[in-house]
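Colleague:
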Amino acid sequence: MTDKAPKNPKKPLIFYYAITLVILMLLNALLFPSLMQRQVTEVGYNEFLSMVDQGQVETVVYETDEQRIVFEAKKEDGKTAVFKTGMFPDDKLVERLDKAGVQFAAQIPTQTSPILSILLSYIFPIVLIIVVGQWLSKKMMKSMGGNTMTFGKANAKIYAETETGKTFADVAGQDEAKEALAEIVDFLHNPNKYAAIGAKLPKGALLVGPPGTGKTLLAKAVAGEAHVPFFSISGSEFVEMFVGMGAAKVRDLFKQASEKAPCIVFIDEIDTIGKKRDGGGLGGNDEREQTLNQLLTEMDGFDGTKGVVILAATNRPESLDPALLRPGRFDRRVPVELPDLKGREAILRVHAKEVHMSGRIDYNAIARATSGASGADLANIINEAALRAVRLGRSTVEQCDLEESVEVVIAGYQRKNAVLSPREKEIVAYHEIGHALVAAKQSDSAPVTKITIVPRTSGALGYTMQVDEGDRYLMSKTEAENKLATLTGGRAAEELIFGSVTTGASNDIEQATKLARAMITRFGMSRKFDMVALETVGNSYLGGDASLACSNETATLIDQEVIATVKTAHEKAIGILQNNMEVLHRFAAHLLERETITGEEFMSLLNRT
Ligand code: ADP
Ligand code: MG
Ligand code: ZN
Numbered sequence: 032m033t034d035k036a037p038k039n040p041k042k043p044l045i046f047y048y049a050i051t052l053v054i055l056m057l058l059n060a061l062l063f064p065s066l067m068q069r070q071v072t073e074v075g076y077n078e079f080l081s082m083v084d085q086g087q088v089e090t091v092v093y094e095t096d097e098q099r100i101v102f103e104a105k106k107e108d109g110k111t112a113v114f115k116t117g118m119f120p121d122d123k124l125v126e127r128l129d130k131a132g133v134q135f136a137a138q139i140p141t142q143t144s145p146i147l148s149i150l151l152s153y154i155f156p157i158v159l160i161i162v163v164g165q166w167l168s169k170k171m172m173k174s175m176g177g178n179t180m181t182f183g184k185a186n187a188k189i190y191a192e193t194e195t196g197k198t199f200a201d202v203a204g205q206d207e208a209k210e211a212l213a214e215i216v217d218f219l220h221n222p223n224k225y226a227a228i229g230a231k232l233p234k235g236a237l238l239v240g241p242p243g244t245g246k247t248l249l250a251k252a253v254a255g256e257a258h259v260p261f262f263s264i265s266g267s268e269f270v271e272m273f274v275g276m277g278a279a280k281v282r283d284l285f286k287q288a289s290e291k292a293p294c295i296v297f298i299d300e301i302d303t304i305g306k307k308r309d310g311g312g313l314g315g316n317d318e319r320e321q322t323l324n325q326l327l328t329e330m331d332g333f334d335g336t337k338g339v340v341i342l343a344a345t346n347r348p349e350s351l352d353p354a355l356l357r358p359g360r361f362d363r364r365v366p367v368e369l370p371d372l373k374g375r376e377a378i379l380r381v382h383a384k385e386v387h388m389s390g391r392i393d394y395n396a397i398a399r400a401t402s403g404a405s406g407a408d409l410a411n412i413i414n415e416a417a418l419r420a421v422r423l424g425r426s427t428v429e430q431c432d433l434e435e436s437v438e439v440v441i442a443g444y445q446r447k448n449a450v451l452s453p454r455e456k457e458i459v460a461y462h463e464i465g466h467a468l469v470a471a472k473q474s475d476s477a478p479v480t481k482i483t484i485v486p487r488t489s490g491a492l493g494y495t496m497q498v499d500e501g502d503r504y505l506m507s508k509t510e511a512e513n514k515l516a517t518l519t520g521g522r523a524a525e526e527l528i529f530g531s532v533t534t535g536a537s538n539d540i541e542q543a544t545k546l547a548r549a550m551i552t553r554f555g556m557s558r559k560f561d562m563v564a565l566e567t568v569g570n571s572y573l574g575g576d577a578s579l580a581c582s583n584e585t586a587t588l589i590d591q592e593v594i595a596t597v598k599t600a601h602e603k604a605i606g607i608l609q610n611n612m613e614v615l616h617r618f619a620a621h622l623l624e625r626e627t628i629t630g631e632e633f634m635s636l637l638n639r640t
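To convert, count from 1 in the sequence shown and add 31; that's the working numbering.
1) Tell whether a beta-carbon distance below 9 angstroms holds between residue 270 and residue 304.
2) In whole angstroms, what separates the C-alpha of residue 627 from that of residue 483?
3) So which of 439, 400 and 521 has the shortest CA-CA distance to residue 477?
4) Should residue 422 and residue 428 be called a contact, given that it needs their Cβ atoms to be closer than 9 angstroms?
5) DSSP three-state label for residue 484, please.
6) Taking only the alpha-carbon atoms, compute the straight-line gap between residue 217 and residue 254 and give it to the nearest angstrom.
7) Can you have a look at residue 51 and say buried or exposed, based on whether 16 or more other CB atoms are within 10 angstroms of its CB?
8) May I ask whether a heavy atom of ligand 1 can be found less than 8 angstroms away from the beta carbon of residue 237?
9) Could you give the DSSP three-state label for residue 298: helix, strand or coil?
10) Measuring alpha carbon to alpha carbon, tell me which of 115, 329 and 323 ends up nearest residue 351.
11) Is it right to say residue 171 is buried, meaning 16 or more other beta carbons lie within 10 angstroms of its own, or is it exposed?
12) Considering Cα atoms alone, identify which of 634, 616, 547 and 582 is closest to residue 644.
13) Give the DSSP-derived three-state secondary structure of residue 231 in the structure shown.
14) Throw me the rounded Cβ distance for the residue 460 and residue 622 pair, which I believe falls under 8 angstroms.
15) Taking the alpha-carbon positions, what's the residue 496 to residue 391 distance?
16) Between which residues of its own chain and residue 367 is the CB-CB distance below 7 angstroms, once the five residues before and five after are set aside?
17) Less than 6 angstroms between C-beta atoms, sequence neighbours within five positions excluded: which residues of the same chain meet that for residue 607?
18) Looking at the secondary structure, which residues open and close the beta strand (DSSP E) in which residue 70 lies?
19) Out of 81, 404 and 212, state which residue places its alpha-carbon closest to the alpha-carbon of residue 124.
20) How big is the Cα-Cα spacing for residue 111 and residue 102?
21) What is the rounded straight-line gap between the Cα of residue 407 and the Cα of residue 54?
22) On a CA-only basis, which of 147, 48 and 117 is nearest residue 160? Give me that one, please.
23) For residue 592, which residues of its own chain have a beta-carbon under 7 angstroms away from its beta-carbon, when the five flanking residues on both sides are left out?
24) Mind listing which residues have their beta carbon within less than 5 angstroms of any non-hydrogen atom of ligand 3? Chain order is fine.
25) Which term fits residue 493, buried or exposed, when burial requires 16 or more other beta carbons within 10 angstroms of its beta carbon?
26) Under 9 angstroms between the Cβ atoms of residue 361 and residue 233?
27) Whose C-alpha, out of 475, 456, 85 and 224, is nearest the C-alpha of residue 505?
28) For a minimum of 4 consecutive residues, which ranges assigned as the alpha helix (DSSP H) are wholly contained in the segment 402–430?
29) Does DSSP put residue 110 in a helix, a strand or coil?
30) If you count every other CB in all the chains shown that lies within 10 Å of the CB of residue 199, and 16 or more means buried, which is it?
31) Would DSSP call residue 343 helix, strand or coil?
32) Pick from 89, 485 and 624: whose alpha carbon is nearest that of residue 106?
33) Leaving out five residues before and five after residue 514 in sequence, what residues of the same chain have Cβ atoms less than 8 angstroms from its Cβ?
34) Check whether the Cβ of residue 247 lies closer than 8 angstroms to any heavy atom of ligand 2, and answer yes or no.
35) Identify the continuous beta strand (DSSP E) that holds residue 366 and give its terminal residues.
36) At the level of alpha carbons, what is the spacing between residue 264 and residue 252?
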């Protein structure tokens with residue numbers, strides 16, 4: 032349950048106006064009960080004159096402005112009441128009134144109670160103006176997106192959750208991260224234990240890892256495990272239109288948190304405010320810098336034994352200001368990496384609990400096919416599979432749904448209505464079989480698990496999937512060279528069979544070039560450059576591009592070497608296919624007919640030749 036808690040201690044002013052109004056009315060009713068009911072009766076001029084003559088009239092006032100006479104007179108029952116009548120030019124009237132002993136009153140006989148009339152004539156309009164004014168200004172502030180009047184007052188969107196409802200059981204894999212955070216949970220459970228011995232726990236921990244690996248989830252799980260409130264705010268929410276607002280938000284966040292201690296404060300995407308401060312610029316970064324400074328100050332300021340733990344998440348740790356990372360601040364760094372094979376299987380199982388799965392699901396197979404997928408990708412795969420099952424009118428998710436959704440998530444939706452001409456289809460079939468054959472005919476190469484020529488929305492007209500048996504952390508030079516040959520195998524088949532080439536190999540070319548370049552510049556796999564790092568990788572988490580770190584002459588040499596490497600692999604692929612021409616033709620025909628061949632089918636066909 033997320034409830035926004037913009038704590039505003041001030042009751043709106045209108046509340047006080049309402050109370051004052053009610054009190055005045057009550058006073059009025061108590062003090063002047065008779066006046067409240069006093070009514071003014073209108074009478075004709077004739078009647079007025081006859082009342083004068085009968086001696087009923089006691090006091091009279093001429094209201095020349097209003098062109099009327101207001102008078103008090105006794106009624107039949109003996110009570111005095113207020114009357115009014117129109118004024119007529121009557122010279123004798125004064126004489127006549129005098130004769131009847133009528134008093135000429137100094138004051139108009141009150142028609143309404145004094146308090147009520149003051150209320151109505153003075154206070155009510157003022158209140159109305161203020162209320163309308165406030166309403167308008169509030170509306171304006173809303174449309175401006177900031178609280179212009181209360182500068183420095185917190186209107187931060189701080190999301191406080193009393194219970195996140197997540198536990199470590201919801202986070203699959205990530206055992207190292209969970210272990211690192213378990214201590215924080217224990218600390219929040221029992222801060223006194225640590226205080227007693229004089230130990231200071233780290234004030235903050237920084238969760239670092241690629242997007243979708245469960246950083247936010249882990250932070251929530253820590254709060255859930257420790258049963259403490261969870262304050263979360265995203266770094267971007269600190270950056271406001273007005274300078275100083277971000278800093279105020281930080282101040283307020285920490286004030287609220289220390290009131291609720293023990294608790295967790297979670298700052299998501301901290302890199303938006305925590306970027307390295309640099310001297311230059313046109314002063315445009317003032318706001319961010321102020322916010323960061325305030326954050327640093329607050330982190331230093333609060334009492335570490337109280338039980339406020341700050342977690343932050345980022346996927347660009349290298350861009351963070353070093354001041355944030357020094358001891359006493361986010362000195363603990365918890366890596367949250369992409370899940371490995373075991374982790375992927377565990378994540379699939381966690382999310383599978385939420386949907387009806389058929390009894391016979393091979394999670395391991397799915398996990399093996401999704402190397403490189405993040406937790407969020409895997410959650411998405413399960414959901415896509417469930418959607419597909421519904422689409423096909425089934426009530427449980429089957430293995431085939433999962434397999435299909437792996438491809439959907441990895442390669443985009445099947446493009447059923449993309450119509451390829453028979454000739455194009457033939458080219459694609461040979462191309463894919465080319466990849467598969469080159470892969471299969473080399474020893475150190477991942478087994479082929481699927482070949483298909485069903486086009487995808489992502490633009491691929493077909494693809495050959497290779498899946499390793501286990502997780503791979505190292506790639507030998509031979510394996511890299513084999514992979515290069517496999518990548519060039521598609522184009523090689525096209526050349527051999529059709530004598531011309533198509534645009535279909537663009538993705539292969541891109542991948543091959545990347546791999547060849549990395550072999551030379553980063554993995555030291557070329558004789559020419561030996562173990563010299565020629566490139567540095569910017570951000571390893573966001574798949575950042577490498578940048579050259581060498582002279583222009585060397586860059587030229589690297590390019591030549593890359594070309595030579597790819598060329599060698601290409602020639603190797605052509606050689607392999609030339610030796611297996613007959614198999615190539617037969618398999619391509621088979622694929623054309625079936626559109627999809629599984630890995631097992633492929634291997635058994637291959638073994639029979
Ligand atoms: P991040 O903050 O690292 O970008 P999130 O924590 O927002 O990633 O994760 C997004 C979603 O992916 C989560 O809500 C969850 O459903 C799923 N997910 C990610 N990692 C895991 C994991 N280790 N175990 C279970 N689910 C995960
Ligand atoms: Mg996140
Ligand atoms: Zn290809």
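The beta carbon of each residue, even a glycine, is placed where N, CA and C say it ideally should be.
Modeller: Straight from the coordinates:
1) Sequence index remark: in the sequence shown, residue 270 carries index 239 (1-based). Sequence index remark: in the sequence shown, residue 304 carries index 273 (1-based). In this structure, residue 304 lies closer than 9 angstroms to residue 270 by Cβ.
2) Residue 627 sits at position 596 when you count from the first residue of the sequence shown. Residue 483 sits at position 452 when you count from the first residue of the sequence shown. Each residue's CA atom was taken as its position, placing residue 627 and residue 483 some 4 angstroms apart.
3) Working through the sequence shown from its first residue, we reach residue 477 at position 446. Looking at the Cα atoms, 400 is the closest of the given residues.
4) Along the sequence shown, read from residue 1 onward, the residue named residue 422 stands at position 391. Along the sequence shown, read from residue 1 onward, the residue named residue 428 stands at position 397. For residue 422 and residue 428, no; Cβs fall outside 9 angstroms.
5) Position 453 of the sequence shown, counted from the start, is the residue given in the question as residue 484. Correct three-state label for residue 484: coil.
6) Position 186 of the sequence shown holds residue 217. Position 223 of the sequence shown holds residue 254. Roughly 11 angstroms separates the two Cα atoms.
7) As a first step, residue 51 is located in the sequence shown; it is residue number 20 there, counting from the start. Counting Cβ neighbours within 10 Å, residue 51 comes out exposed, since fewer than 16 surround it.
8) Translated into positions along the sequence shown, residue 237 becomes position 206. No, the Cβ of residue 237 stays beyond 8 angstroms of every heavy atom of ligand 1.
9) Within the sequence shown, numbered from 1, the residue matching residue 298 stands at position 267. Strand at residue 298.
10) Counting from one through the sequence shown, the residue named residue 351 turns up at place 320. Of all alpha-carbon atoms in 115, 329 and 323, the one lying nearest the alpha-carbon of residue 351 is that of 323.
11) Translated into the one-based positions of the sequence shown, residue 171 becomes position 140. So residue 171 counts as exposed.
12) Here the chain comprises residues numbered 32 to 640, so residue 644 is not present and cannot be evaluated.
13) The sequence position of residue 231 within the sequence shown is 200, counting from 1. Secondary structure of residue 231 (DSSP, three-state): coil.
14) What you label residue 460 is simply residue 429 of the sequence shown in a count that begins at 1. What you label residue 622 is simply residue 591 of the sequence shown in a count that begins at 1. Contact between residue 460 and residue 622 holds: CB atoms are separated by about 5 angstroms, below the 8 angstroms threshold.
15) The sequence position of residue 496 within the sequence shown is 465, counting from 1. The sequence position of residue 391 within the sequence shown is 360, counting from 1. Roughly 23 angstroms between the two C-alpha positions.
16) In the sequence shown, residue 367 corresponds to position 336, counting from 1. Correct list, in chain order: 205, 208, 238, 239, 240, 244, 245, 246 and 249.
17) The residue labelled residue 607 in the question sits at position 576 within the sequence shown. Excluding residues within five positions, the ones whose Cβ falls inside 6 angstroms are 469 and 472.
18) For the purposes of this step, residue 70 is taken as the residue at position 39 of the sequence shown. No beta strand (DSSP E) contains residue 70, which DSSP labels as neither H nor E.
19) On the sequence shown, residue 124 is found 93 positions in, with the first residue counted as 1. Relative to residue 124, the option among 81, 404 and 212 whose CA is nearest is 81.
20) Working through the sequence shown from its first residue, we reach residue 111 at position 80. Working through the sequence shown from its first residue, we reach residue 102 at position 71. Distance between the alpha carbons of residue 111 and residue 102 is about 10 angstroms.
21) As a first step, residue 407 must be located in the sequence shown, where it is residue number 376. As a first step, residue 54 must be located in the sequence shown, where it is residue number 23. Cα to Cα, the separation comes out at about 60 angstroms.
22) Within the sequence shown, the letter at position 129 stands for residue 160. Selected option, being the one with the closest Cα: 48.
23) On the sequence shown, position 561 is the one that residue 592 refers to. Spatial neighbours of residue 592 in its own chain (CB-CB distance under 7 angstroms, excluding positions within 5 residues in sequence) are listed in chain order as 551, 557 and 559.
24) Counting every residue whose Cβ lies closer than 5 angstroms to a heavy atom of ligand 3, we get 521 and 539.
25) As a working mapping, residue 493 is identified with position 462 in the sequence shown. The C-beta of residue 493 has 16 or more other C-beta atoms within 10 Å across all chains shown, which makes the residue buried.
26) Taking the first residue of the sequence shown as 1, we reach residue 361 at position 330. Taking the first residue of the sequence shown as 1, we reach residue 233 at position 202. Cβ atoms of residue 361 and residue 233: closer than 9 angstroms.
27) To locate residue 505, count along the sequence shown from 1; it is residue 474. Taking residue 505 as reference, the option from 475, 456, 85 and 224 with the minimal CA-CA separation is 475.
28) When DSSP assignments are scanned along the segment 402–430, the uninterrupted stretches of alpha helix (DSSP H) that are 4 or more residues long and fall wholly within it turn out to be 406–422.
29) Counting from 1 along the sequence shown, the entry for residue 110 is found at position 79. Here residue 110 sits in coil by DSSP.
30) Here the question's residue 199 lines up with position 168 in the sequence shown. By the 16-neighbour rule on beta-carbons within 10 angstroms, residue 199 is buried.
31) Within the sequence shown, the letter at position 312 stands for residue 343. In the structure shown, residue 343 sits in a strand (DSSP, three-state: E or B).
32) To locate residue 106, count along the sequence shown from 1; it is residue 75. Of the listed residues, the one whose Cα sits closest to residue 106 is 89.
33) Locating residue 514 in the sequence shown gives position 483, where the first residue counts as 1. Same-chain partners within the cutoff: 476, 506 and 546.
34) In the sequence shown, the residue the question calls residue 247 occupies position 216. Correct: residue 247 has its Cβ closer than 8 angstroms to ligand 2.
35) Within the sequence shown, the letter at position 335 stands for residue 366. Note, residue 366: beta strand (DSSP E), 363–366.
36) The residue you call residue 264 lines up with position 233 of the sequence shown. The residue you call residue 252 lines up with position 221 of the sequence shown. For the pair residue 264 and residue 252, the Cα-to-Cα distance works out to about 16 angstroms.
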